[in-house]
Amino acid sequence: MVNTTDLDLTNSGVEAPTYRTSVVVTPATSGLADGGGGVALVDRGDHTKLMLRCDAGSAAAAALGVSFGSSRITDSGVVITGLRPDEYWLIGTAESVTGERAGLPADGLRSEVDLTHGRTLIEVSGPKATGMLEKVCGLDFSDAMTPRGAATSASVAKVSCDIVRAGDSYLVACDRSFGQYLMESLADAAREFGLTLGD
Amino acid sequence: MSTSRLSARSGEVIDRTKTVPFTWNGRSLSGYDGDTIGSALLANNVRIVSRSMKYHRPRSYMSMDYWDPNALLQVGDEPNVRSAHRRLESGMDVSAQNVWPSVDRDIKAANGLVGRFLTAGFYYKTFINPQRLWPLYEKVLATFAPGGKVDLDTPHGYYDKRYAHPDVVVAGGGPAGMAAAISAAEAGASVMLVEHEYGLGGHLRWGDDSDRAIVAEMSQRLIDLGVEVLVDSTVTGRYDDNWISIAQRSHPGVIERLIKARAKILVVAAGLIERPYVFSGNDKPGVMLSGGVRRLVNMYGVRPGSRAVVLTANESGDQAAADLEAAGVSVVELVDARNGGGVTAVEGSPSQVESVTLADGSTREADLLVTAVGWTAPTSLLNMSGDRPSYDASAARFFPSAPPDTVLATGGMVGDGTLDELVGHGTATGQLAAARAAVTAYRLQSTTARALPVDGPEPDWPSDQRAPLAHRQHPELYRSSTHGMVDFSEDVSSKDLVAAAAEGFDSVELLKRFTTATMGPSQGKLETVNTVAVLAEARGETIEQVGTTVWRPPYAPISLGGLAGRIFEPVRRSPMQDWHEAHGATPLVAGAWIRPDHYGDAAEEVRNTRRNVGIIDVSPLGKLDLQGPDVPQLLNLLYTNKWSKLPVGGVRYGIMCAEDGVVLDDGVTGRLSDNRYLMTTTSSGAASVWEWAENWLQTERPSWKVDVTPVTGAYASINVAGPKSRELIGRLAPELDLDPERFKYMQVRTATVAGVDNCVVWRIGFTGELSYEVHVPAGYALHLWLQLMEQGLDLGVAPFGIEAQRIMRLEKGHFIVGQDTDGLTKAPSTGMGALIKMDKEDFVGKPELAWELENSDPDVLKRRPAVVALQTLDPQIVPEEASQLVRGTTTEIIGRITSSRMSPTLGRSICLGQIEQQYADAGNIVTILLTDGRRIEAEVQAHHAHYDPEGERLRG
Amino acid sequence: MLIVPCPHCGPRNSSDLRYVGESHSRPDPNTATPEQWRDYLYMEDNPADWLKETWYCRSGCRRYFTLERHTGSNEFRNPPIPGNKKGTKA
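Protein chains in written order, with the working numbering: chain A, 1 to 199; chain B, 1001 to 1956; chain C, 2001 to 2090.
Put into structure tokens, the structure is as follows:
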């Protein structure tokens, strides 16, 4: 879990760690942001991303309540999604993910890896979000093929990404090392629609 | 200057209130908004705009559309602009191509005088001998090559790309295509309508007021239905499963945009292209096609001549004659081919028709001959779908045969009829397309995991119930009794084709390649059927028997920028890369990663690391989290050595082989807890080792319980190396027991470092020094890096880059998979035989290695490669990597240098290399052939390590 | 571009997948002769006919599966088989 609170360090010479996401706003991206609002891109790198592997048909899988290719949003605001046939992700604030995780039965829960640091997460929203994604990804984003709640993986601007259509926005996640590049690619794709960066 | 512009006409597409200035060969001219470059030039009485490719004959506009073979011009820095199609823009700098000194007085026209030498195959036959002169020939011939000038200083333009998933793509926005788009959209389909020209309507655009009223009405309907209409855009190709490429030239802000559309149904409504007639003088300025004349008069208000002869075999010719009369052009003779009339020649100056000779031998004074002799169906997209068109002699054209059932053709290319009949066929086609698309959509949706659930049962695949369009009678008119030009772009005449057929090039595919007919910028749109007809005549066969060539993508040219689209070059950055760049690091591109090569002086970085302590960012190191009870089994399978007894806290090095025994990757794996391991791979092998492990788990060992998770990006990796590294780590991880007796070389601990929990620290290293590799949760990596720099200040800490690491690993003799090994290096050749455990039940590559180890044929054994360390006898010479090792004074290759550097530590040149085993004994002197031809000697070393071969430093 | 029917994701562009190769059974490594092993390593049937082949859904579900494709028409037949014990070539 991300821990940005001050730590009680035994060695007083060492500073408390500062968490940094992979996405740095560069002149390349900020120069494209005209506040037009057709597409809004928000770095959600501070969200906790917990990956679980569960056996099919197990109590744990049932409690997660999603199948491969779908997602739901819990009352505490956590996005739970089935991104691979036996692979589930919990995405949200540290506290809410911890809470959801604590409520899961142990039966069928094979393994878990906290990939908060490993994944860049960009939230894409705005009236032209779909139009922008169609410029960087070969998936069919129509409501029939990628409805609200849909979850899948695909190449986005030539980077392997997970894509979840959560509520009114899309969550796009990639390996952290590609984060800066992905942000710049999405910003460039969005520029014809008017781009807003950040909340 | 004089103008050929007619008075304003209803239906013209130009706006006479907006004057558009441009230059032609430096001369200032003007046209109107809505003009093409070509219509503006003709309005200014500029008629000769190009010279033909081989003979440099003066040429003028003929078809006034994209395919006009005489219309390629240079516009600014853009060559080969289709000037009959391209809209005029203010300030355009337009000039003629491939002419010297000018298009009006072109010296190369002398080629025409020796024209009889330039028949088909002339270049092949003439310049083949002597071969040594080819470079000279090439240089001279290049000056005669057609085409415009490419300006190498042109700035990189912004191109774009997008994907689309319409139910129906309609290629062609004439009446049938518009009708198909409308009816498909009315039936609920999402539709993309793509029109090559700037406006919808096809031939109705140059028709009468009622035609244009219909276009306006249908256009409005398309808008109301939300059909995505792309004008000045071309469907350039159809590939497997209706993968459609569209070049969109009309998107604002970009030069060209490539659309990759996955259409459920493709409707091809490409219309018909008017065919030129072959007769003597048919390329002389003043000979035009009826469609070109109608466009010029009705759309642009330009008079194409003053006295015209019209040769007509169809409605288009009749209407052209009427249009000319209405424009005040005198039609001195209407020659009706349906009643046996004909034209055999035009005469005049090289640059102007002056008279027309009719079939009865009489002549008419005229400056314009208009021909309307038939049509070609541009079946390109159907060809790309697998269809082979068939010829109907009574209608004098090819028709589609049997396209796949996801591709539907409509409009003029499938038959003739009144406008109502064409629209009716289009409407029926659109309905069928929508109904079939609905079935495909159902199948896609019902089989796609993420999609909405479908309602009800799968609908039946609708059969094709469309009433076919009739094939109207049309005389077969290809060549008159005289010879003339067949391929205007390539300057290939009917005589050339007949001669080539007589030489034996009498299959249409051979003829095409030998003569280059149909291979120029028109790509056969105008000349394919004439080529076939001339060949059929030469062979004494029918057109049907000869058959036609196959049209391949693209339907129309697409720019290289358009093909590239927006440039996607993914770049991977570690959390510390910004810091490296801010501190003077020279970037090194390694795969997708950007890494610090050095910070100014790699040798000093080596010395400091060996003397004090250095830190290096090795984040690209591949890292896999392995969990589950069967991890040891997986490790036993993938690595050549044994893993069953690795204790918690232990780390082991291993080599992976492919099934053929060739080294695939190497790295260390540590056991973090009972059920959890961390595997590292080479930086370049991270993805492939992951897929490799998944492959074994999913296909051959599905019962094993192992979960593999790539965590390369999750952990940034910092190697802290040097004699003072323990001191530095100790300051940052006060709770970690670093006592060398309890935290030994090749052990791993999980620890809090610089306040960051869950760091993985292991005592390993590539440098040969005491070193700790810290894998830190990436969000805190920069913090740790800064703390290492700060807390190590008094210890002399300094960062080092990839180059320093490469030097140190070479000093230490560590090989790099892929650099010191290659695609033929089997595991025993690496000198790591102790790590190959043949007594294991199985591991990947075992049978091949067993055979390799058991084979005792000395002739084979002695020639196997071995990885060895080498030192040149002259310590100051560093042989280039890939320098060959040769036997004695011969040039017989016995190996090569795979890595070489000047060692700052030893003050001498050091190498790794591969050499045949018969020469691999320590102390052997071998010859290195340097790239400059010098031969130097080197001695094979006893150990791979040039430095600290006993490993005392790293174990300390 | 071909559409490949992934048994988990559904139809996908072939560029989302990696073509692994023809599906061949891996011989028992302890009993296979060098000839059998090399036949497994290097020899392909390459028919102009129906062919069992292995694909990896690289950009999607990351599952290996086997399916039957006609190499002439690119049609697929029979449902794809997840994770089949076939096709372990590099």
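Every residue gets a Cβ at the ideal spot worked out from N, C-alpha and C, and that includes glycine.
If we ignore side chains and look at the alpha-carbon of each, how far apart do residue i and residue j end up?
i                  : j                  : result
GLN1791 of chain B : TYR1677 of chain B : 30 Å
THR1669 of chain B : GLY149 of chain A  : 38 Å
ARG1086 of chain B : SER1250 of chain B : 11 Å
ILE1223 of chain B : PRO1457 of chain B : 33 Å
GLU1741 of chain B : VAL1613 of chain B : 21 Å
PRO1960 of chain B : HIS1483 of chain B : Residue coverage of chain B in this structure runs from 1001 to 1956, which leaves residue 1960 of chain B outside it and unanswerable.
VAL23 of chain A   : GLY1386 of chain B : 48 Å
GLY1565 of chain B : ILE1259 of chain B : 9 Å
GLY82 of chain A   : PHE68 of chain A   : 4 Å
PRO1285 of chain B : TYR1300 of chain B : 19 Å
TRP1375 of chain B : ILE2003 of chain C : 36 Å
SER1909 of chain B : ASP1820 of chain B : 17 Å
ILE1558 of chain B : ALA1585 of chain B : 41 Å
ASP1460 of chain B : ALA1189 of chain B : 17 Å
THR2066 of chain C : ASN2078 of chain C : 10 Å
GLU1937 of chain B : ASP1874 of chain B : 8 Å
Is residue i helix, strand or coil by DSSP?
i                  : result
GLY1177 of chain B : helix
PHE1514 of chain B : helix
VAL1114 of chain B : Note that VAL1114 of chain B has pLDDT 49, beneath the 50 cutoff, so the model's placement of it is unreliable and the number below is only indicative. Correct three-state label for VAL1114 of chain B: coil.
HIS1598 of chain B : strand
GLN1876 of chain B : coil
ALA62 of chain A   : helix
MET1288 of chain B : strand
PHE68 of chain A   : strand
SER2015 of chain C : helix
TYR1300 of chain B : helix
MET1961 of chain B : Because chain B spans 1001 through 1956 in this model, residue 1961 of chain B falls outside it and cannot be assessed.
ASN1636 of chain B : helix
I'd like the list of long-range same chain contacts for residue i, defined as Cβ closer than 7 Å, with 5 residues on each side in sequence excluded.
i                  : result
THR29 of chain A   : MET183, GLU184, ALA187 and LEU197
THR2071 of chain C : PRO2047, ALA2048, ASP2049 and LEU2051
TYR1163 of chain B : LYS1260
On the DSSP letters alone, give me the boundaries of the beta strand (DSSP E) that residue i sits inside.
i                  : result
GLY1237 of chain B : 1233-1239
TRP89 of chain A   : 87-92
THR1357 of chain B : 1352-1358
ARG1221 of chain B : Looking at the DSSP string, ARG1221 of chain B is not in any beta strand (DSSP E); the run it does join, the alpha helix (DSSP H), is 1209-1224.
SER1899 of chain B : 1893-1903
GLY131 of chain A  : Element bounds for GLY131 of chain A: not the beta strand (DSSP E) but the alpha helix (DSSP H), 129-133.
MET1092 of chain B : 1092-1095
Please go through the same chain and pick out, in chain order, the residues whose beta-carbon is closer than 8 Å to the beta-carbon of residue i, but skip the five residues on each side of it.
i                  : result
VAL1114 of chain B : Model confidence at VAL1114 of chain B stands at a pLDDT of 49, short of 50, so the residue's coordinates are unreliable and nothing is read from them.
TYR1239 of chain B : SER1245, MET1384 and PRO1553
GLU1769 of chain B : THR1609, ARG1610, ALA1721, GLY1722, PRO1723, SER1725, MET1808, ARG1953 and LEU1954
For the alpha helix (DSSP H) containing residue i, name the first residue and the last one.
i                  : result
SER1390 of chain B : Segment 1390-1392 is the beta strand (DSSP E) holding SER1390 of chain B; no alpha helix (DSSP H) there.
MET1656 of chain B : No alpha helix (DSSP H) holds MET1656 of chain B; the beta strand (DSSP E) holding it covers 1651-1657.
TYR1442 of chain B : 1419-1447
SER1729 of chain B : Inspection of the sequence shows that residue 1729 of chain B is occupied by Ile rather than by Ser. Counting along the chain, the alpha helix (DSSP H) containing ILE1729 of chain B begins and ends at 1725-1732.
PRO1629 of chain B : Segment: none, PRO1629 of chain B is in no alpha helix (DSSP H) and carries neither H nor E.
If you measure from the CB of residue i, is any heavy atom of the ligand COA nearer than 8 Å?
i                  : result
VAL1668 of chain B : The ligand COA is absent from the structure shown, which contains no ligands of any kind.
I think residue i touches residue j, with their Cβ atoms under 8 Å apart; what is that distance to the nearest whole Å?
i                  : j                  : result
ASP107 of chain A  : ALA56 of chain A   : So it is not a contact: roughly 12 Å between Cβ atoms.
ILE1897 of chain B : ALA1882 of chain B : 7 Å
VAL1229 of chain B : LEU1204 of chain B : Contact flag wrong, Cβ pair sits at about 16 Å.
Near residue i, which residues of its chain fall below 6 Å by C-beta distance, leaving aside the five closest residues on each side in sequence?
i                  : result
THR93 of chain A   : none
SER1052 of chain B : ARG1059 and ASP1491
VAL945 of chain B  : No statement about residue 945 of chain B is possible, as the shown extent of chain B runs from 1001 to 1956 and does not include it.
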